[in-house]
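*Asks:* Numbering (the numbering used here), first residue to last: 403 to 491.
Here you go, one structure.
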């Protein structure tokens with residue numbers, strides 16, 4: 403379990419493993435966030451993480467190329483930054 407604080411509020415990401423992939427899931431501002439490991443790239447040995455946020459109306463990822471960050475934390479923060487730009491209805 404990963405716990406993160408945003409604007410003074412804590413939220414948790416639970417760790418689940420499916421088909422040999424690590425995945426972290428959590429909720430923030432009504433969005434469900436999933437953080438996945440990036441596939442290995444043959445050009446370099448760096449591995450990163452990307453995130454997807456979705457609710458009943460919208461779904462988006464952390465970046466066009468799928469790379470959200472070099473660490474799970476970076477991918478989570480990138481996704482949270484994107485959620486904070488979504489206008490309230």
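Ideal Cβ placement from N, Cα and C applies to all residues, glycine included.
Give me the residue from 472, 478, 426 and 433 with the minimum Cα distance to residue 459.
*Replies:* Locating residue 459 in the chain shown gives position 57, where the first residue counts as 1. Nearest C-alpha to residue 459: 433.
*Asks:* Could you give the first and the last residue of the continuous alpha helix (DSSP H) run that contains residue 474?
*Replies:* Taking the first residue of the chain shown as 1, we reach residue 474 at position 72. Taken as a continuous stretch (DSSP letters only), the alpha helix (DSSP H) holding residue 474 covers 474 to 486.
*Asks:* Since I believe residue 477 is in contact with residue 451 (beta carbons under 8 angstroms), could you give me their beta-carbon distance rounded to a whole number of angstroms?
*Replies:* Here residue 451 refers to the residue found at position 49 of the chain shown. Here residue 477 refers to the residue found at position 75 of the chain shown. Their Cβ separation, rounded to whole angstroms, is 4 angstroms, which keeps residue 451 and residue 477 in contact under 8 angstroms.
*Asks:* Roughly how many angstroms separate the alpha carbons of residue 472 and residue 464, rounded to a whole number?
*Replies:* Counted from its first residue, the chain shown places residue 472 at position 70. Counted from its first residue, the chain shown places residue 464 at position 62. If you take the alpha carbons of residue 472 and residue 464, they lie about 12 angstroms apart.
*Asks:* So what does DSSP say about residue 459, is it helix, strand or coil?
*Replies:* For the purposes of this step, residue 459 is identified with residue 57 of the chain shown, where counting begins at 1. Looking at residue 459 - three-state DSSP - the assignment turns out to be coil, as it is neither helix nor strand.
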